[in-house]
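Numbering (full-length UniProt numbering), first residue to last: 1 to 504.
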């Protein structure tokens, strides 16, 4: 067990180290920082690395087998009404359990937190039920996505302009470290009794559809409440003079994030206990392993959230302000490319998704391929976000062409790549994006005198859009290469993988 934990921590180190090096380099060259701020950042990085290691192992031990077990048991009942009702309840519970949802609630000043949280939770529950119905009735994912995104943009036309960026950001924020492992595993469980390509196709797409729910519900709330602003309190670096001050800052934050994480995980643990009491699916040894997994998940999320909120977020705001105030403010764009390329690798749920993609596709889509496509896509997205901060162009000039291209590509690649791509969009825009990239954009926007609500918000939405295009381009290239192979090699490829490249 300790050896496995160390392996996960080493993987986390390789993910977080590049972004740490970039921040250190910028602090020495373009944006000099006080030593105290730098120590806070480095301490946060350490907590983030250890926390991500614990979380990944915990998700592997608890969340994944729980989701798969529930999915298999539900699908065995062959009772569509029960399956849909259970999916709705599970979707709502897991969303309320999502720590990132509290961040979203604090951003929207005109709507009470609990109203927003419950509305978003209902939205995710409804769309998880829709995703399950798609599996049961064999509805093509690309067609469903086309209809739903068309409806989203129609709703956006009637929403207050200053509210649109926050609404689209919500789709990425609410599919975070708690939601993704469980829903991904639930999809695997639901599709387990279908064979071949259909099974792998249906394993993906649940997160994609669940990401639409929060956007649609927040847009509806914006129309209903007629909000005139969507505020976000900018983070500031707390002055620290000694190492004792650093310890005090992190110690003071620990109880808050411990409370948040316990509130997040306990409902899921209750689902686990109820499921076990009703079905007796797990033996004593399996139950003990999953209980340890829940403990690891709790420890990991506490350390991770404390590290990013106390150490990473303030430094992100400071970097954005310093870069935009300088002579070379346009350097924000290439710096954004570099940060975007590496920061997606530090998202805890991304590694969970990549492992499941590699397993489900039999290695046909490897973790290396996924990381490369995601990093390239997010790098371009952050560059566009920095352009918006500096120029103030409307987010619609990027979102509408971007989603049109994504929907077009969904007609040209195998269905499994469509599901992976749209799932990746929700996964890539996790806590690292909302607690580092968003403060970076906000700091830069304040420095150039822009409108934070319309120009800085939207970075999460763009990060969520990028994988939709990047992963599908990877799938298109993959298909073209397979067609160029000799017939014997194509037959061998079809036998070794679960992707039927001739389906399309």
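By construction, the Cβ of each residue, glycine as well, lies at the ideal position given by its N, Cα and C atoms.
In terms of CA proximity to residue 414, 479 leads the group 479, 119, 393 and 39.
For residue 125, the enclosing alpha helix (DSSP H) has its first and last residue at 113–136.
A distance below 7 Å separates the beta carbons of residue 296 and residue 58.
Taking a cut-off of 8 Å for Cβ pairs, the segment 379–390 and the segment 324–344 touch, as three or more such pairs fall below it.
Close CB contacts of residue 48 within its chain, under the 8 Å cut and outside five residues either way in sequence, are with 12, 16, 303, 304, 307, 308, 311, 312 and 346 (chain order). Using a C-beta cut-off of 8 Å, the segment 313–322 makes contact with the segment 436–446, since at least three inter-stretch Cβ pairs fall below that distance. Taking a contact to require three or more Cβ pairs closer than 8 Å, the segment 317–329 and the segment 66–81 do not qualify as touching. Just so you know, the alpha carbons of residue 292 and residue 298 end up roughly 10 Å apart. Within the segment 369–419, no run of beta strand (DSSP E) reaches 3 residues while sitting entirely inside it. Our two residues, residue 214 and residue 154, have alpha carbons roughly 15 Å apart in a direct line.
At least 7 Å separates the beta-carbon of residue 441 from that of residue 428. Beta-carbon to beta-carbon, residue 407 and residue 204 are separated by about 16 Å, too far to satisfy the 8 Å threshold. Counting along the chain, residue 145 sits inside the alpha helix (DSSP H) bounded by residues 141–158. Approximately 5 Å separates the beta-carbon atoms of residue 225 and residue 111; this is inside 8 Å, confirming the contact.
When DSSP states are grouped into helix, strand and coil, residue 204 belongs to the coil group.
Between residue 240 and residue 246, the C-beta spacing is below 7 Å. Assigned with DSSP and collapsed to three states, residue 444 falls in helix. For the segment 315–361, the continuous alpha helix (DSSP H) assignments of 4+ residues that do not extend past its boundaries occur at 332–343 and 348–360, in sequence order. Excluding its 5 nearest sequence neighbours in each direction, residue 405 has C-beta neighbours in its own chain below 7 Å: 469, listed in chain order. Residue 141 and residue 129 have their alpha carbons spaced roughly 14 Å apart. If you draw a straight line from the Cα of residue 19 to the Cα of residue 185, it is about 29 Å long.
By the Cβ-count criterion, residue 14 is exposed, with fewer than 16 other Cβ atoms from all chains shown falling within 10 Å of its own Cβ. Excluding the 5 residues flanking it on each side, residue 409 has same chain C-beta neighbours closer than 6 Å at 472, in chain order.
Residue 449 is classed as exposed because its beta carbon has fewer than 16 other beta carbons within 10 Å across all chains shown. In the three-state reduction of the DSSP assignment, residue 364 falls in the coil class. In this structure residue 21 is exposed. Its beta-carbon is surrounded by fewer than 16 other beta-carbon atoms within 10 angstroms. Around the beta carbon of residue 269, 16 or more other beta carbons sit within 10 angstroms, so the residue counts as buried. A residue is called buried when at least 16 other Cβ atoms come within 10 angstroms of its Cβ; residue 63 meets this threshold and is buried. Between the beta-carbon of residue 430 and that of residue 177 there is about 6 Å, and that keeps the pair under the 8 Å contact cut. Boundaries of the alpha helix (DSSP H) around residue 290: 284–307.
In the three-state reduction of the DSSP assignment, residue 222 falls in the helix class, which pools H, G and I.
If you compare the alpha carbons of 168, 272, 385 and 217 with that of residue 121, the shortest gap goes to 217. When the five nearest sequence neighbours on each side are left out, the beta carbons in the same chain lying within less than 6 Å of the beta carbon of residue 179 are those of 94 and 98, in order along the chain.
A Cβ-Cβ separation of about 7 Å places residue 461 in contact with residue 395 under the 8 Å criterion. With fewer than 16 other beta carbons inside 10 angstroms of its own, residue 10 counts as exposed.
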